[in-house]
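Structure first, commentary second.
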Amino acid sequence: MTEVERNPLWLILVETVHALPMYPAHKAYVRDTLILESPDITAEELSLRLDIPLGEALVILHEIEKEGRQEAAGAEGSEDA
Numbered sequence: 000m001t002e003v004e005r006n007p008l009w010l011i012l013v014e015t016v017h018a019l020p021m022y023p024a025h026k027a028y029v030r031d032t033l034i035l036e037s038p039d040i041t042a043e044e045l046s047l048r049l050d051i052p053l054g055e056a057l058v059i060l061h062e063i064e065k066e067g068r069q070e071a072a073g074a075e076g077s078e079d080a
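Each residue of the sequence shown is one higher than the one before, counting from 0 in numbering that gives the first Met the number 0.
Set out below in structure tokens:
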């Protein structure tokens, strides 16, 4: 668990962001397009570029990073088999 995930407000932010109607589309666009173009994009830049709340940008980047780590760990595990 990361430091940000330990903050009690993090779960509230994630729940709020997941309730946004455009969240799934924003996350898919970031994952499939923007991250490939700008892998080091910050939450602030993402917020400005997509005109979305900073909290949504934070959650999107955090979740994409976490998914990438899980995929990398899964790939390493399958190589060991």
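Don't be surprised by glycine CBs; every beta carbon is placed ideally from N, CA and C.
Check                                                                                                            : Outcome
Close Cβ partners of residue 70 (< 6 Å) along its chain, the five nearest in sequence each way excluded          : none
Residue 56, buried or exposed, once every other Cβ within 10 Å from all chains shown has been counted against 16 : buried
Beta-carbon proximity of residue 90 to residue 30, cut-off 8 Å                                                   : For the chain, the structure presents residues 0 to 80; residue 90 sits outside this window and is missing.
Beta-carbon proximity check, residue 60 vs residue 45, cutoff 8 Å                                                : yes
Alpha carbon of residue 73 to alpha carbon of residue 43, nearest angstrom                                       : 30 Å
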